[in-house]
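In the numbering used here, the protein residues as written are 1 to 218. Ideal Cβ placement from N, Cα and C applies to all residues, glycine included. So the structure is just underneath, and the comments pick up after that.
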Ligand SMILES: Nc1nc2c(ncn2[C@@H]2O[C@H](COP(=O)(O)OP(=O)(O)OP(=O)(O)O)[C@@H](O)[C@H]2O)c(=O)[nH]1
Ligand SMILES: [Mg+2]
């Protein structure tokens, strides 16, 4: 087991971040579970890699960030945003978390396009604050509503927009439903595997063999 990696789950409010973590770690989330808005929480878990080893990961659950305000709505809402006491903005989140995590899970709700806009901005702000420091990033489309429950179909579905964006950004895109624990495995195994890559074997034994054979030739 390597060192404990730190992974932050983030996204807009009510995208099901806590349900995803609770379900992955404890498997106790049902439709009747009462989940309160998060201030900040953490979970420590042993997560299996694709090689079968178990790695310790510390997951930070964060408060949902506020919706992204489009320029058209900005003037109208700027006063309200400036004066709200609770809530987290994308830039404040990025400043706080840019240097204290090895990985980020960006969550959006597949039925609410604005939640994906928020993910796009979060990633941009984190990149700006992290400069060239590498971090593992994954984006997760959370199917909170089934297709029949979605009242209006947006011009471009958030899921296909997220797929294109994730390809451009070279980050992996997953689709999950927190009520179905089996949909979460692939993402958590991927995260544990990427954060704990196979260590390269030392080349020292090969070097010593070369030295021996050179000696016998003389
Ligand atoms: N149908 C369905 N609803 C879900 C699912 N996951 C979460 N929900 C609903 O979404 C609500 C919000 O879930 P949370 O996990 O608290 O969302 P959050 O993103 O952690 O919210 P904040 O902590 O306020 O940012 C829950 O109370 C559930 O009712 C899911 O997989 N399916
Ligand atoms: Mg939460």
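Query                                                                                                               : Result
Residue 199 classed as buried or exposed, judged by whether at least 16 other C-beta atoms fall within 10 angstroms : exposed
Proximity test, residue 67 beta-carbon vs ligand 1 heavy atom, cut-off 6 Å                                          : no
Alpha carbon of residue 100 to alpha carbon of residue 44, nearest angstrom                                         : 16 Å
Residue 22 versus 113, 66, 174 and 178, residue with shortest Cα-Cα distance                                        : 178
Residue range of the unbroken alpha helix (DSSP H) whose run includes residue 5                                     : Taken as a continuous stretch (DSSP letters only), residue 5 belongs to no alpha helix (DSSP H), being part of the beta strand (DSSP E) at 5-11.
Classification of residue 145 by the beta-carbon crowding that lies within 10 angstroms, buried from 16 upward      : exposed
Contacting residues, own chain, Cβ-Cβ under 6 Å from residue 93 (five flanking each side not counted)               : 65
Residue from 5, 9, 27 and 3 whose Cα sits closest to the Cα of residue 141                                          : 9
Residue 55 to residue 190 span [Cα, whole Å]                                                                        : 12 Å
beta-carbon residue 179 near ligand 1 non-hydrogen atom, thresh 6 Å                                                 : yes
Helix, strand or coil at residue 62 according to DSSP, with G and I counted as helix                                : strand
Contact belief for residue 173 with residue 139 at Cβ below 8 Å, rounded distance in angstroms                      : 5 Å
Counted within 10 angstroms of its Cβ, other Cβ atoms place residue 60 as buried (16 or more) or exposed            : buried
Stretch pair the region 154-168 + the region 104-121: three plus CB contacts closer than 8 Å                        : yes
Selection from 52, 104 and 143 that minimises the alpha carbon distance to residue 127                              : 104
Inter-residue Cα distance where the pair is residue 12 and residue 182                                              : 24 Å
Alpha-carbon spacing of residue 166 relative to residue 3, whole angstroms                                          : 28 Å
For residue 102 and residue 5, believed in contact at Cβ under 8 Å, the rounded distance                            : 4 Å
Residue from 135, 123, 38 and 129 with nearest C-alpha to residue 15                                                : 38
Residue range of the alpha helix (DSSP H) that includes residue 21                                                  : 17-25
Integer-rounded CB distance, given that residue 131 should sit under 8 Å from residue 91                            : Their Cβ separation, rounded to whole angstroms, is 15 Å, which puts residue 91 and residue 131 out of contact at 8 Å.
Coarse secondary structure for residue 143, derived from DSSP in three states                                       : coil
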